[in-house]
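Heads up, the thing below is written out as structure tokens.
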Amino acid sequence: MSTALERVMDAIDIETYLVCRDANEGRMLALKLGQELNLGDVDIMFEEFDGYGIRLRLRKYVHKPGSRYEWLNLSSNKNYQQGE
Amino acid sequence: MKIIGIVGTAKNTGKTTSLSYLLSEAYQNKINFGVTGIGYDGEEIDNITFLPKPRLFFNAGTIITTSKNCLESTDIKFETLVKTEFKTALGEIVIVRTLSPGMVVIAGPNKKSALNEVISQMKKFEVEIIFVDGSLNRLTPLSIADKLIFTTGASRNTSIDFLVEEMKVIQKIFSFPKTNNQIQSSVISLISERGKYEISSGSLLDLDDVNEILQKIQNSTNKIFIPNLISQKALIELINNLFAARKNAIELILDSPISLLLFGEPASTSNTINLIDAHPINITYLNKPELTAVTVNPFYPKPINHSFKPEYIDKNLLLEQMSSNLNVNVFNLKDSGENKLFKECIAW
Amino acid sequence: MPKKILCVPLDPVHDVGIKLIKSALDKRGHQTELLSPDLTMEAIVKKAAAGNYDFILVSRTLGYGVAELLARFNDLLDAAGIREKTKIVIGGKPVTPELAAELGFDKGFGANSSTEEVIAYIEEREINDSSSSVQKIKKNLAEPYSYKFFHSEIESLLNSIADKFIDWGKNKTSPGIERVRLREEILHAGDKNIQQALIKKYNDLSDAEIAQGNVKKIYPKGVREVTAEELDSLESFLRSQKSAGQLKIQHSDKHPLIFKFLGSGCPLMDIAHGKVCERWGIDGFLIINPSWEARYEGLLFGNLTHENDGTITSLENIRLIRRSLDPSTLLTVRAHRGLNTPETVLLAGKAGADLTKINLVYGSLGAGTDPIRLGVDGLEAIRLTATYGIPFDIPGNDELSGVPAWKTLAGLLINVMVGVKLNAKPILKPLFCYGPHIVLNSFMEKNFIDYNAAKILALREIVDCPIWPGEPIAFMTQSEERVQSANATSYHASLAASLGVDAITIASTDEAYSRGPIAITSRIDSIRAVTDAFRFVGDAGFKLTPEAEKYKNDLIQKIIEVLRAVDEKDNLPEAIYSGLLGDQNDGAYPGKFGAGTVSNKVR
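Protein chains in written order, with the numbering used here: chain A, 1 to 84; chain B, 1001 to 1348; chain C, 2001 to 2603.
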């Protein structure tokens, strides 16, 4: 069975807002969030601290150009609902 | 009273770690000391890589110079001793005494003259040592220090050969002596037994400056004093032209070793030092901080997908190569060595 | 005194910023020089040393290794003795004060800095560190308006309808009105015992569910008290966190004020959302209460939180929200739903709210309250808005059930005339929506502009009154897809700007999502979308097609017909019952809450 992650065409974006003391803490929390969500190292695409928290757009690339795209094998893969 | 400065060859080479070891040793040895910086350091996260960074911890009763903004964000209690005239991007610089223990971010004056002034103010509070925290790879303000600790490591370059070569050049630059002359001039001076000629500029920057020296220099001139900045290219040009027609030796008096360190890249700096060595030139300095120790740090922020993650080069090889190639003590602070470092620093 | 400034683009690609700054400085009479971006560090230092500059402005974006390069640049300038008289300034997108200090600069300007800030620094004018902030001044929406009617037939019809209605309500009272009296007494009672006795009386006049909450603290499902600890934490949160660089949504002074709903259920969450939205430029908020509040006689006391939609209308909750928001932020409290309309206005007034929301017609047809009860309560409520000097806004949301726009607008106008006669300050809130009646009649088949615009133009031809499209704008054009939703809001907002209305209420990009509360990211999404839309439209506008004029004339004609029919009835509630302002075919039903509770005043 293919994982759902394999079907991500290229990237996962996380748009969120973290309450924090300052922009630095916000960035640290953003990276920590990626770890806590088991995404590993995420990029901070956009960040703006507004005094109360930080508005974020985080990105994790799953398939970059040149990677092996697991989703290319879609036709040979079973529907995920069918299981192993 | 001694001034000990921490100089990094790059970001993330371990300035703050070195300083925090020195501070804790100084506390244990019950030494009265003060701390200032030349920019801003000690923040929780690196401003560029966003990776967590060590911060500085202070006991009560420490004299600290930092900016007002940095004090606003700290929980420690303090009394303000001096409000200086200097303003930085983080606000006014103040000298305080801590009244309770805690973390403080150090943000000191950002230029040499201001650091000098701040240190003379700090001296009034009976400190035995003043530690000056470096900022990034900044050097110039630290020329007024008595002792310098260089921090280098993978963050500067992941090639151990590169790092060793660079430190060898730095050590060489620090090997030139302090001048016996008392010179006060803000411009380049050509000195002979009979008197001195002054050049319009304080820095040796380009061909115009070189030509002016070549026109005014006499055979009897035996000292050249360059108070400000030297461009490597201009210095090479001067040496090549001057000694094309000249045999007698000359003392080249510079402000401090930092004048040569500012050349930047170690390989070309090394070539220039070799060029100096090949001619009858005696380099001396007006101010001569001592190169006390080198600390090495195998850590570097590895760029991944437009962000960074912590990575390390071979720490044993780094320490071994550095130690065997240098005459000064080399430490990896993460692997003991902190109290040796401290002893090196206070051994005067 | 003019300053001598050297502009140094260290970045060959991104030198637009420094060129803009240079041109602004030139206009202020300063002497500037712009270096070409390909000079060596030494050449720049040479130039700097020779020029005797007051300031050197450096522009550079940052990447790995650039920090060291910039630090070295400062070292060279310091070693060359230039820093003794020259201040070195860095500008670039990611520059913060901390970064500028770390690199050794005297000052740093980042992405949020304005040209004005840079100039103020150069001219050594004292400015606030967060000076991109706009100092907000609270606006009185009603102030510039005369409430003069331009259309004589409509004016005389409305006069007659309003007079009859006010006369009808003269000798009537309701438990809602009695509770207002009690509440006023409770608030003014000095003696604790008297106060307790009054509270008992109040609870006797309330439904059991409310009384039980107020007496035994057994609250309706999902309601609990906010703890003292939570309130303390809120205080310290608000003390430690301060808006960073207040943003402005409007690009021109003529652009409308922007309102958003609050009403997550929890006043603490509302405040957190409110503070964040304030920073992104929101001018005001509408507090939305739980729908079940409408069914009950009486209101709960205290700081209460609620797990579901709608924040509980209590004096303490409104006060807490009001106090936590910036003094310049406008706050409106929804009053017209249910059995506590006049009391809600009283609480709004006492808690320092700026506006309240009343629609005598929609409150019955769309929100379930008996027309007679809302008629009596509404008259009292509107009087109270005049007493407390707070304007009331009249949302035309009955259109969403399927009521034709002209009936809704006729209803709004009746409210306006009643308000004017009771010395209140009404505000018209026609909808910018893709309502069911509009869909069925294809009024918006060609575009979303003409019909929305026609409503505004029609109202403007009838009366000189503030107009605040809502509620929110773009209703029924939005989906759960955030880009679509943000766009829909921003397009409607630019239409509002181009029509020159006074205010708008905007949705969040998750407004169409019905299974949970609004999230802060979605709020900021739509605010950013509108900010960009306003920047885009500026003082330009939309070109209406000739259809708009036809729609407008048709609306006015049909408003007249509706008003004529209403005027034939003895009083407004009777007209509502008979469906003149919206009937079953329109999806509108007269409400039942509070039926049979109106009585004649004693004596």
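Cβ coordinates follow ideal geometry from the N, Cα and C atoms, glycine included.
From a predicted model like this one, the values you see are computed outputs, not experimental measurements.
**OP:** Note down, one range per segment and in chain order, each beta strand (DSSP E) of at least 3 residues found wholly within the segment 1267 to 1339 of chain B.
**Re:** 1281 to 1285, 1290 to 1297, 1299 to 1304, 1307 to 1312, 1329 to 1331
Original post:
How would you label I2467/C, buried or exposed, when you count the other beta carbons within 10 angstroms and need 16 or more for buried?
Top reply: Residue mapping note: residue 2467/C aligns to position 467 of the third sequence, counting from 1. Per the 10 Å Cβ criterion, buried.
Original post:
Identify the residues that DSSP records as bridge partners of I2137/C: which are they?
Top reply: Position 137 of the third sequence, counting from 1, holds the residue named residue 2137/C. DSSP output for I2137/C lists no bridge partner at all.
Subject >> Where E2561/C sits in the DSSP three-state scheme >> reply: Residue mapping note: residue 2561/C aligns to position 561 of the third sequence, counting from 1. The answer is helix: DSSP assigns E2561/C an H, G or I state.
Original post:
Applying the criterion that 16 or more other CB atoms from any shown protein chain within 10 Å of the CB defines a buried residue, is T1179/B buried or exposed?
Top reply: If you number the second sequence from 1, residue 1179/B lands on position 179. So T1179/B counts as buried.
**OP:** Could you spell out where the alpha helix (DSSP H) holding I2372/C opens and where it closes?
**Re:** Here the question's residue 2372/C lines up with position 372 in the third sequence. 2371 to 2387 is the span of the alpha helix (DSSP H), which, as asked, contains I2372/C.
**OP:** Measure from the alpha carbon of M1103/B to the alpha carbon of each residue in K1288/B, T1269/B, A1060/B, then state which is nearest.
**Re:** Within the second sequence, the letter at position 103 stands for residue 1103/B. The residue with the shortest Cα to Cα distance from M1103/B is A1060/B.
**OP:** Pull up the DSSP beta-bridge partners for G1005/B, would you.
**Re:** Reading the second sequence from its first residue, position 5 is the one you call residue 1005/B. V1132/B, L1148/B, per the DSSP bridge assignment.
Original post:
Can the beta-carbon of L2347/C be found closer than 8 Å to that of L2360/C?
Top reply: Mapped onto the third sequence, residue 2347/C falls at position 347. Mapped onto the third sequence, residue 2360/C falls at position 360. Contact flag unset, no.
**OP:** With DSSP collapsed to three states, give me the class of S2130/C.
**Re:** Indexing the third sequence from 1 puts residue 2130/C at position 130. Because the pLDDT at S2130/C is just 45, under 50, the model does not fix this residue reliably, and the point stays unresolved.
Subject >> Those residues which DSSP pairs with E1251/B across a bridge >> reply: The sequence position of residue 1251/B within the second sequence is 251, counting from 1. For E1251/B, which the question treats as bridged, DSSP gives the partners K1223/B, N1282/B.
**OP:** Kindly list the residues whose CB is nearer than 8 Å to the CB of I2456/C, restricted to its own chain and excluding five residues on each side of it in sequence; keep chain order.
**Re:** Here residue 2456/C corresponds to residue number 456 of the third sequence, with the count starting at 1. Closer than 8 Å at the Cβ level, and outside the excluded window around I2456/C, lie P2430, I2467, P2469, L2499, V2501.
Original post:
Which residues bound the alpha helix (DSSP H) around N9/A?
Top reply: Working through the first sequence from its first residue, we reach residue 9/A at position 9. The sequence as given places Met at residue 9/A; Asn does not occur at that position. Premise fails: M9/A is in no alpha helix (DSSP H) and is neither H nor E.
**OP:** Measure the C-alpha to C-alpha separation of R27/A and T16/A and round it to an integer number of angstroms.
**Re:** As a first step, residue 27/A must be located in the first sequence, where it is residue number 27. As a first step, residue 16/A must be located in the first sequence, where it is residue number 16. The straight-line gap from Cα to Cα measures roughly 12 Å.
Original post:
Taking Cβ positions, are A2142/C and D2370/C nearer each other than 8 Å?
Top reply: For this step, residue 2142/C is matched to residue 142 along the third sequence. For this step, residue 2370/C is matched to residue 370 along the third sequence. Against a cut-off of 8 Å, the Cβ pair of D2370/C and A2142/C comes out as no contact.
Original post:
Using a Cβ cut-off of 9 Å, which residues of the segment 1308 to 1319 of chain B contact any Cβ in chain C, in chain order?
Top reply: F1308
Original post:
What span of residues does the beta strand (DSSP E) with M1103/B cover, start to end?
Top reply: Here the question's residue 1103/B lines up with position 103 in the second sequence. It spans 1102 to 1104 - the beta strand (DSSP E) in which M1103/B sits, taken as one unbroken run.
Subject >> Residues that T2096/C contacts on chain A, provided the C-beta gap is smaller than 8 Å >> reply: Residue 2096/C sits at position 96 when you count from the first residue of the third sequence. Neighbours of T2096/C on chain A, chain order: A23.
Original post:
Is S2132/C buried or exposed, if buried means 16 or more other CB atoms sit within 10 Å of its CB?
Top reply: Locating residue 2132/C in the third sequence gives position 132, counting from the first residue. Below a pLDDT of 50, predicted positions are generally treated as unreliable, and S2132/C, at 45, falls in that range; no measurement from the model is reported.
Original post:
Got a sec? Which residues, its chain only, sit under 6 Å from L2365/C by beta carbon, not counting five neighbours each side?
Top reply: The residue labelled residue 2365/C in the question sits at position 365 within the third sequence. D2398, G2582, A2588.
Subject >> Outcome for S2233/C when other beta-carbon atoms lying within 10 angstroms are tallied against a minimum of 16 >> reply: The residue labelled residue 2233/C in the question sits at position 233 within the third sequence. That one is exposed.
Original post:
Roughly how many angstroms lie between the CA atoms of E2155/C and L2428/C, to the nearest whole one?
Top reply: Taking the first residue of the third sequence as 1, we reach residue 2155/C at position 155. Taking the first residue of the third sequence as 1, we reach residue 2428/C at position 428. E2155/C and L2428/C: Cα-Cα distance of roughly 16 Å.
**OP:** Would you please state the rounded distance, in angstroms, between the beta carbons of S1173/B and L1238/B? I believe it to be under 8 Å.
**Re:** What you label residue 1173/B is simply residue 173 of the second sequence in a count that begins at 1. What you label residue 1238/B is simply residue 238 of the second sequence in a count that begins at 1. The question names Ser, yet the displayed sequence has Ile at residue 1173/B. Not really, about 18 Å apart at Cβ, beyond 8 Å.
Subject >> Residues of its chain near T2477/C, where Cβ-Cβ distance is below 8 Å and the 5 sequence neighbours each way are ignored >> reply: Along the third sequence, one-based indexing puts residue 2477/C at 477. Within the same chain, T2477/C has close Cβ partners C2433, Y2434, F2448, A2488, H2492.
Subject >> Coil, strand or helix - Q2212/C by DSSP >> reply: Along the third sequence, one-based indexing puts residue 2212/C at 212. The answer is helix: DSSP assigns Q2212/C an H, G or I state.
Original post:
Span of the alpha helix (DSSP H) holding Q1215/B?
Top reply: As a position in the second sequence, residue 1215/B is number 215, starting the count at 1. Where Q1215/B is concerned, the enclosing alpha helix (DSSP H) stretches over 1207 to 1216.
Subject >> Span of the alpha helix (DSSP H), counted from its first residue to its last, around I1119/B >> reply: Start at 1 with the first residue of the second sequence, and residue 1119/B comes out as number 119. Run containing I1119/B: 1112 to 1122, per the alpha helix (DSSP H) assignment.
Subject >> Contacting positions in the segment 52 to 63 of chain A - beta carbon closer than 8 Å to chain C >> reply: Y52, G53, R55
Original post:
Can you name the residues that DSSP bridges to G1153/B?
Top reply: Against the second sequence, residue 1153/B aligns to sequence position 153. N1297/B.
Subject >> K2200/C - containing alpha helix (DSSP H), residue span >> reply: Mapped onto the third sequence, residue 2200/C falls at position 200. 2192 to 2204 is the extent of the alpha helix (DSSP H) around K2200/C.
**OP:** Could you list which residues in chain B have their beta carbon closer than 8 Å to that of E2343/C, in chain order?
**Re:** The residue given as residue 2343/C occupies position 343 in the third sequence. Going along chain B, no residue has its Cβ under 8 Å from E2343/C, so there is no contact; the nearest lies around 45 Å.
Original post:
By Cβ distance below 8 Å, which residues in the same chain neighbour R2564/C in space, the five residues on each side in sequence not counted?
Top reply: Along the third sequence, read from residue 1 onward, the residue named residue 2564/C stands at position 564. Here the set comprises L2157.
Subject >> For E2143/C, three-class secondary structure by DSSP >> reply: Counted from its first residue, the third sequence places residue 2143/C at position 143. Note: E2143/C maps to coil in three-state DSSP.
Original post:
Can you name the start and end residues of the alpha helix (DSSP H) that T2633/C belongs to?
Top reply: The first residue shown for chain C is 2001 and the last is 2603, placing residue 2633/C beyond what the model contains.
Original post:
For K1111/B, which residues in chain C fall below 7 Å Cβ to Cβ?
Top reply: The residue you call residue 1111/B lines up with position 111 of the second sequence. Going along chain C in sequence order, the residues near K1111/B (Cβ under 7 Å) are D2078, R2083.
**OP:** For T2521/C, go through chain A and note every residue whose CB falls closer than 8 Å to its CB, in chain order.
**Re:** As a first step, residue 2521/C must be located in the third sequence, where it is residue number 521. Near T2521/C (Cβ distances below 8 Å), the residues of chain A are E15, T16, Y17, R55.
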